[in-house]
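Each residue of the sequence shown is one higher than the one before, counting from 83 in our numbering.
For reference, the structure is listed below as structure tokens.
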Amino acid sequence: MKLQTKAVNVLERTSHYLQAGVLTKKPLWFDALGKYPPNKNFLHEVKEQVNEQSISLNKTQYASKNAPLYKTRQSQKPGKSPYKPNKLRYVEDELRSLFFEQHPWELARPKIVLENTGDDIKSQDWSSIKQLNKPLDGESVVQRTLYLVKNESKTLADAYDQARFEFYRLRIQEEIQDQVSREENEMFGSVFNAGPLEYGVEREQVVIDKWRVEAEELSRIAEASKKQDNAI
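Here you go:
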């Protein structure tokens, strides 16, 4: 039997059930509903999704792994059920995805996830991407982009580019300051331990040196065994 979704047809269906013998007793509400039938369809109609151009990010301007060049399999077809809830989409998530696709190494930077209220970002002034109580990261680019869109009437792509270039400028300044500070400390006698990369290279070199000694020994044994076989 086809799934019935319209409540206005309940009187008609019940009459058919009574005539066919599916129902043996008339429901108590049958006469009242026949006298005052419903004249409104209370079925929830699925609304068509509206794409807001003002907050849509045109990713074709940027290199993305989601472009057809990187397509490796067919996309999943959307469900046909009209009662499936629409997928929530936020422009902030699109900006974050795009930024970290372009700057994957930013994910490797240490990040403090502890917040006081959960809405610390809303209390900050994003007229500048540099914040006194928040380190520079990808979220700074996202919030700065949204600020430019709302307050300076820029398109999303232009606002993202401006926020990204401001991020580059501040990141370069931070790296220069760290390098100068390190050189000054070394000049006054400070000694720094090896960083994670240097430590990894040192440990790898120890294994390589050990492997070289073992390989040379095995090569000499193989060569001596070959000469002995030729002599026999």
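Beta carbons are placed, not taken as given, at the ideal position from N, Cα and C, and that holds for glycine.
Contact test: residue i Cβ vs the ligand SAM heavy atom, cutoff 6 Å
i: L214; result: In terms of ligand content, the structure shown is empty, and the ligand SAM therefore cannot be addressed.
Alpha-carbon spacing of residue i relative to residue j, whole angstroms
i: V289; j: V295; result: 10 Å
i: V273; j: S263; result: 13 Å
i: R253; j: A297; result: 46 Å
i: D202; j: K169; result: 27 Å
i: Y118; j: K107; result: 20 Å
i: S222; j: F270; result: 35 Å
i: I194; j: P278; result: 20 Å
i: V132; j: L177; result: Note on V132: pLDDT 48, under 50, position unreliable in the model; the coordinate value appears next. Their backbone Cα atoms lie some 19 Å apart in a straight line.
i: K308; j: R302; result: 10 Å
i: S235; j: G200; result: 28 Å
i: D240; j: E284; result: 45 Å
Best match in the options for proximity to residue i [C-alpha to C-alpha]
i: Q244; options: E305, E257, Y229; result: Y229
i: L110; options: T96, A102, E248; result: T96
i: Q206; options: Q101, A190, R226, K193; result: R226
i: L238; options: R191, N121, V224; result: V224
i: E197; options: Y99, W293, N215; result: N215
Start-to-end residues for the alpha helix (DSSP H) that takes in residue i
i: G282; result: 278-313
i: S263; result: 238-269
i: H98; result: 92-102
i: Q206; result: Element bounds for Q206: n/a, residue is neither H nor E.
i: K216; result: K216 -> no alpha helix (DSSP H), and no H or E assigned at all.
i: K117; result: 112-117
i: R226; result: 220-233
i: D175; result: 173-184
Neighbourhood of residue i by C-beta, 7 Å cutoff - its chain only, sequence neighbours within 5 removed
i: E188; result: F182, D219, G220
Beta-carbon contacts of residue i that lie in its chain and below 8 Å, excluding the five residues immediately before and after
i: G116; result: L93
Cβ neighbours of residue i in the same chain (closer than 6 Å, five flanking residues each side left out)
i: Q287; result: none
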